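Residue numbers (full-length UniProt numbering): 1 to 243.
From the three backbone atoms N, C-alpha and C, an ideal C-beta is built for every residue, glycine too.
Keep in mind that this is a model prediction, so the values were computed, not measured.
Just below is one structure, and these are the notes that go with it.
This is how it looks when you write it as structure tokens:
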């Protein structure tokens, strides 16, 4: 068995601790021992994308020091995985990103499994996030894992390949464009009638969830055909649901 570490990410550590706990449950169910290096911090993505190169280099170097001895580093974030793989070579010359796996990459490419023994008797639609799709090339890996979940009703998301408009600081610097993109994504998500909207990044789910919530609070603009919009959920939490 490879030495496996969990990279929790800042957003999950601060706001969504159940997601990394779900990752640990999944991996332990498959027989892996998972370490959690307590010295881990931010991957530096926000700093790099905002032009703070020196700060990003410091954080990248810290990441390498904390995770350097592990064979595999698993994270429930396509965005942060992409940061280590795409930007670390330019910041520090490190190739540690080759050992960083978004959860679906690890399960399918390393563990060689698609059915993780989950059961989730609910209707779910899936949003493929930009970093996972475009930077990591996850393809249908998260969907293959979800399709193997017992009793799930997985429905297609219209215009699934369109960005939700978050993009980190993009949503702040280009708020009007971001809001228009978000409105389209919320409309498509609500049209599915799904109970849950799953994705690989909680940052995007926060953005979409906030949009759906605001629409539901606005008189006359709630959900399609009187339905409430789907509840955001990281797909790891679905996979961690025991059969």
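Quick check on the DSSP output: the alpha helix (DSSP H) that includes residue 148 runs from which residue to which? Per DSSP, residue 148 lies in no alpha helix (DSSP H) and is assigned neither H nor E.
Residue 1 burial status per 10 Å Cβ neighbour count (16 or more: buried): So residue 1 ends up on the exposed side.
First through last residue of the beta strand (DSSP E) which encompasses residue 102: Residue 102 -> beta strand (DSSP E) spans 100-102.
Of the listed residues 107, 158, 159, nearest to residue 141 (C-alpha basis): Minimum Cα distance to residue 141 is reached at 107.
DSSP state of residue 73, grouped into three classes? Strand, per DSSP.
Whole-angstrom distance between residue 8 and residue 75, CA atom to CA atom: Each residue's alpha carbon lies about 6 Å from the other.
Among 206, 69, 148, 150, which residue has its Cα nearest to the Cα of residue 96? The shortest C-alpha separation from residue 96 is found at 69.
Report, in whole angstroms, the separation of the C-beta atoms of residue 26 and residue 242, which I expect to be a contact under 8 Å. Between residue 242 and residue 26 the Cβ distance is about 10 Å, and since that is not below 8 Å, they are no contact.
Rounded to a whole number of angstroms, what is the C-alpha to C-alpha distance between residue 114 and residue 148? Counting only the Cα atoms, residue 148 lies some 7 Å from residue 114.
For residue 104, count neighbouring C-beta atoms within 10 Å of its own C-beta (all shown protein chains included) and say buried if the count is 16 or more, exposed if not. Within a 10 Å sphere around the beta-carbon of residue 104 sit 16 or more other beta-carbons, which makes this residue buried.
In this structure, how does DSSP classify residue 155 when only helix, strand and coil are distinguished? Residue state for residue 155 is assigned as strand, using DSSP reduced to three classes.
Roughly how far, in whole angstroms, is the beta-carbon of residue 42 from the beta-carbon of residue 59, given that I think they are within contact range, below 8 Å? Your pair residue 42 and residue 59 checks out as a contact, with CB atoms roughly 5 Å apart and the cut at 8 Å.
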